[in-house]
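Peer 1:
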Amino acid sequence: MKRITIAQAAQHLGEPVELAGWLYNLRRSGKICFPQVRDGSGIMQCVAVKNQLPEPVFEALKNLTQESSLLVRGKIRAEARAPGGFEMDVEDAEVVQRVDESAPYPISLKEHGPDFLLDHRHLWIRSRRQHAILRVRHEVIKAVRDYFDSNGFILADTPIFTPAACEGTTTLFEVNYFDDEKVYLTQSGQLYNEATAAAFGKVYTFGPTFRAEKSKTRRHLTEFWMVEPEMAYATLEDVKHVAEEMICFVVGRVLEHRQAELAVLERDISKLETVKAPFPRISYDDAVETLRKKGSGIEWGGDFGGADETLLSEDYDRPVMVDRYPSQIKAFYFEPDPQRPELALGVDVLAPQGYGEIIGGGQRIHDLKLLEQRIREHNLPPEAFNWYLDLRRFGSVPHAGFGMGIERCVTWITGIDHLRETIPFPRMLYRTRP
RNA sequence: UCCUCAGUAGCUCAACGGUAGAGCAUUCGGCUGUUAACCGAAGGGUUGUAGGUUCGAAUCCUACCUGAGGAGCCA
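Residue numbering for the first sequence follows this note's numbering, starting at 282 and increasing by one per position.
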């Protein structure tokens, strides 16, 4: 008998097929029962009728426990009464492993608190909502990679163990293993991206990133995934264009391929359909002025808080780009604005509906003398940056890039309220298990 | 690191100074179209920990532990 996935059911109506999965839920009467089987691709309601099945098969199904693994065989037909629109008439079934009732599956279909669910994350990811979120995550990552791959970018991965900080040493995880020097977990692949961009022209890195920030908010993870493109012979304007085009591509892909998942999550699709170029562009100066009119206490020279980002984004139906921040609140490598050297040629992209910053990037300093000066001003160890300075000694060119936090992007697109649900196993300040 | 809130049955919660309860889950019984099925019954508790106030504390006080939200910082 042919084994199919539930996602393939519509192509196999009326044929004898086998599903291999787990018991999602079971409703039963005396002589009929409705096991709902999930197999990772979907959920199929099955119907088992007592007088149409061998006694042991019916009894085994009728008394099966939640999340027991099983094989079911039968024919699938369209059925309006079944969730999903299809239903299998069970002709045979085989229990692979029965969950013992003395220690039943802990996650019921009722409500649970976050502490309990996070402790059971290894099981929680089986539930419908988590399943939908992680499938959107997969689509976002695939779309991001497809976008860069089809626009001339080379994937050039950067190291996880790094000898120096990108943006300061306070938020680094130290690794005590290497004999000759202190090594840290990467907080950004950007410095290495600049090297690979000078080798390949347009590159991106995609991987995990670590920040030892004592952050306890719904927007932070200590370990998160970031995609970082970098382009040689590029400016701030190129970054804005690529960021805008990439976001539109990613949102379009999710709308195209993940309608079912967005429906499970009850995402208001109309809030995503308006995500089209061009995105509004405002300067930091104008943003501060707007915020002060809206009642924020922000002073020129300060960075935006979460509330400020929400205030800024609420005027728009698509992401907004804010550029030219004061250099003092940006990393050492930002190119100064030639018209106003106190400003950095950096841009942040703020997602709509208060989801905050999803992209940060800009143009890098390409002048050797200026970069050396900035390294001194930031009290960074010059010897660690010697190779980085080589990039300004050997064919330095204007170049630019950005980083997008995958989890923040998925949080926005799925419309959920906490980014911990957008990664299979979140790592947070006080949570490293499972 | 700081501020706020919360810890009661496996889970979600109620009881707010006077005998610790409900729904779900589990077990048993009933039901041939259920939709987080329903109906009946049963088992299930050192109220986060330690001290204190009181005739009496889940309830009030103190400290600690754990978690959540937020600030700062960031994607």
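Virtual Cβ for every residue (Gly too), placed ideally from N, Cα, C. Bear in mind that the values here come from a model prediction, so they are computed numbers and not experimental data.
In this structure, what does DSSP give as the bridge partners for Leu624?
Peer 2: As a first step, residue 624 must be located in the first sequence, where it is residue number 343. For Leu624, which the question treats as bridged, DSSP gives the partners Pro607.
Peer 1: Quick check on Ser408: does DSSP put it in helix, strand or coil?
Peer 2: The residue labelled residue 408 in the question sits at position 127 within the first sequence. If DSSP states are grouped into helix, strand and coil, Ser408 belongs with coil.
Peer 1: Between the Cα of Thr324 and those of Glu462, Val464, Leu307, Pro337, spot the shortest distance and give me the residue it belongs to.
Peer 2: Counting from 1 along the first sequence, the entry for residue 324 is found at position 43. Reading off the sequence, residue 324 comes out as Ile, not Thr. Taking only the C-alpha atoms, the option nearest Ile324 is Leu307.
Peer 1: Out of curiosity, what's the CA-to-CA distance linking Arg416 and Pro663?
Peer 2: Numbered from 1 along the first sequence, position 135 holds the residue referred to as residue 416. Numbered from 1 along the first sequence, position 382 holds the residue referred to as residue 663. Rounded to whole angstroms, Arg416 to Pro663 spans 44 Å at the Cα level.
Peer 1: Is the segment 534–546 in contact with the segment 502–512, if contact means three or more CB pairs nearer than 8 Å?
Peer 2: no
Peer 1: Would Phe367 pass as a contact of Ala476 if the rule is Cβ separation under 8 Å?
Peer 2: For the purposes of this step, residue 367 is taken as the residue at position 86 of the first sequence. For the purposes of this step, residue 476 is taken as the residue at position 195 of the first sequence. Not in contact: Phe367 and Ala476 (Cβ atoms no closer than 8 Å).
Peer 1: Could you tell me which whole beta strand (DSSP E) segments of length 3 or greater appear in the segment 283–357?
Peer 2: Whole beta strand (DSSP E) segments, 3+ residues: 297–309, 313–319, 324–330.
Peer 1: Can you give me the C-alpha to C-alpha distance between Glu525 and Ala558, rounded to a whole angstrom?
Peer 2: Your numbering for residue 525 matches position 244 in the first sequence. Your numbering for residue 558 matches position 277 in the first sequence. If you take the alpha carbons of Glu525 and Ala558, they lie about 7 Å apart.
Peer 1: Measure the C-alpha to C-alpha separation of Leu453 and Arg492 and round it to an integer number of angstroms.
Peer 2: Along the first sequence, read from residue 1 onward, the residue named residue 453 stands at position 172. Along the first sequence, read from residue 1 onward, the residue named residue 492 stands at position 211. Straight-line Cα distance between these residues: approximately 6 Å.
Peer 1: Considering Ser551, what are the terminal residues of the beta strand (DSSP E) in which it resides?
Peer 2: The count along the first sequence starts at 1 and reaches residue 551 at position 270. Per DSSP, Ser551 belongs to no beta strand (DSSP E); it is in the alpha helix (DSSP H), 551–554.
Peer 1: Looking only at its own chain, which residues have a Cβ that is under 8 Å from the Cβ of Gly582, when we skip the five neighbours before and after it?
Peer 2: Locating residue 582 in the first sequence gives position 301, where the first residue counts as 1. For Gly582, the CB contacts under 8 Å within the same chain, skipping 5 residues up- and downstream, are Pro607, Gln609, Ile610 in chain order.
Peer 1: Kindly indicate which three-state DSSP category Tyr386 falls into: helix, strand or coil?
Peer 2: Here residue 386 refers to the residue found at position 105 of the first sequence. Correct three-state label for Tyr386: coil.
Peer 1: In the structure shown, what three-state DSSP assignment does Ser564 receive?
Peer 2: Start at 1 with the first residue of the first sequence, and residue 564 comes out as number 283. Ser564 falls in the strand class under three-state DSSP.
Peer 1: Who does Lys483 pair with in a DSSP beta bridge?
Peer 2: The sequence position of residue 483 within the first sequence is 202, counting from 1. Partner(s): Met512.
Peer 1: Considering Met527, what are the terminal residues of the alpha helix (DSSP H) in which it resides?
Peer 2: Locating residue 527 in the first sequence gives position 246, where the first residue counts as 1. Segment 517–538, the alpha helix (DSSP H) holding Met527.
Peer 1: Can you find at least 3 beta carbon pairs, one from the segment 382–389 and one from the segment 495–502, that sit closer than 8 Å?
Peer 2: no
Peer 1: Report the residue from Arg605, Phe613, Gly642, Ile640 whose alpha carbon sits nearest the alpha carbon of Leu624.
Peer 2: Position 343 of the first sequence, counting from 1, holds the residue named residue 624. Ranking the options by Cα distance to Leu624, first place goes to Arg605.
Peer 1: Please report the straight-line C-alpha distance between Pro705 and Ile406, rounded to a whole angstrom.
Peer 2: As a first step, residue 705 is located in the first sequence; it is residue number 424 there, counting from the start. As a first step, residue 406 is located in the first sequence; it is residue number 125 there, counting from the start. Using only the alpha carbons, I get a separation of about 7 Å.
Peer 1: From Asp427 to Arg410, what distance separates their C-alpha atoms?
Peer 2: Residue numbering aside, residue 427 sits at position 146 when the first sequence is read from its first letter. Residue numbering aside, residue 410 sits at position 129 when the first sequence is read from its first letter. Taking the straight line joining both Cα atoms gives about 26 Å.
Peer 1: What is the rounded straight-line gap between the Cα of Glu455 and the Cα of Leu661?
Peer 2: Locating residue 455 in the first sequence gives position 174, where the first residue counts as 1. Locating residue 661 in the first sequence gives position 380, where the first residue counts as 1. Glu455 and Leu661: Cα-Cα distance of roughly 17 Å.
Peer 1: Return yes when the Cβ of Thr467 is within less than 8 Å of the Cβ of Ile435, no when it is not.
Peer 2: Mapped onto the first sequence, residue 435 falls at position 154. Mapped onto the first sequence, residue 467 falls at position 186. Not a contact, by the Cβ cut-off of 8 Å.
Peer 1: Given a threshold of 16 other Cβ atoms within 10 Å of its Cβ, counted over all protein chains shown, does Arg714 qualify as buried or as exposed?
Peer 2: Residue numbering aside, residue 714 sits at position 433 when the first sequence is read from its first letter. By the neighbour-count rule (16 or more Cβ atoms within 10 Å), Arg714 is not buried but exposed.
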